[in-house]
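A.B. asks: To start, I am sharing the structure in question, which I have written as structure tokens.
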């Protein structure tokens, strides 16, 4: 599994666990919803800065988000 797909799986799972829509996550993370959608589908590689903001909204650190996998 490549890094983009791994991050996408982790992101979807964390989002689902917290009951957040893409829009509810994108706005406080200061990323556009279409950007987040691309990351969520494994089509875009997030920047470190964007990943840090996304992880912060999810109350995680980047390492947790990158290393996490689907259950």
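Residue numbers (full-length UniProt numbering): 1 to 71. The beta carbon of each residue, even a glycine, is placed where N, CA and C say it ideally should be.
With a 10 Å radius around its C-beta and 16 neighbouring C-beta atoms as the bar for buried, classify residue 49 as buried or exposed.
C.D. replies: For this step, residue 49 is matched to residue 49 along the chain shown. It is exposed - the Cβ of residue 49 has fewer than 16 other Cβ atoms within 10 Å.
A.B. asks: Under a Cβ-count criterion, where at least 16 other Cβ atoms within 10 Å of its own Cβ denotes burial, should residue 29 be classed as buried or exposed?
C.D. replies: Residue mapping note: residue 29 aligns to position 29 of the chain shown, counting from 1. Residue 29 is buried by the Cβ-count criterion.
A.B. asks: Residue 7 to residue 45, Cα distance in whole Å?
C.D. replies: Mapped onto the chain shown, residue 7 falls at position 7. Mapped onto the chain shown, residue 45 falls at position 45. Rounded to whole angstroms, residue 7 to residue 45 spans 9 Å at the Cα level.
A.B. asks: Determine the burial state of residue 40: buried for a count of at least 16 other Cβ atoms within 10 Å of its Cβ, exposed for fewer.
C.D. replies: In the chain shown, the residue the question calls residue 40 occupies position 40. When all chains shown are included, residue 40 counts as buried.
A.B. asks: What's the C-alpha gap between residue 36 and residue 55?
C.D. replies: In the chain shown, the residue the question calls residue 36 occupies position 36. In the chain shown, the residue the question calls residue 55 occupies position 55. When rounded, the distance between both Cα atoms is 12 Å.
A.B. asks: Only counting the same chain, and skipping five residues up and downstream in sequence, which positions put a Cβ closer than 7 Å to that of residue 33?
C.D. replies: As a working note, residue 33 is residue 33 in the chain shown. The residues are 22, 23, 26.
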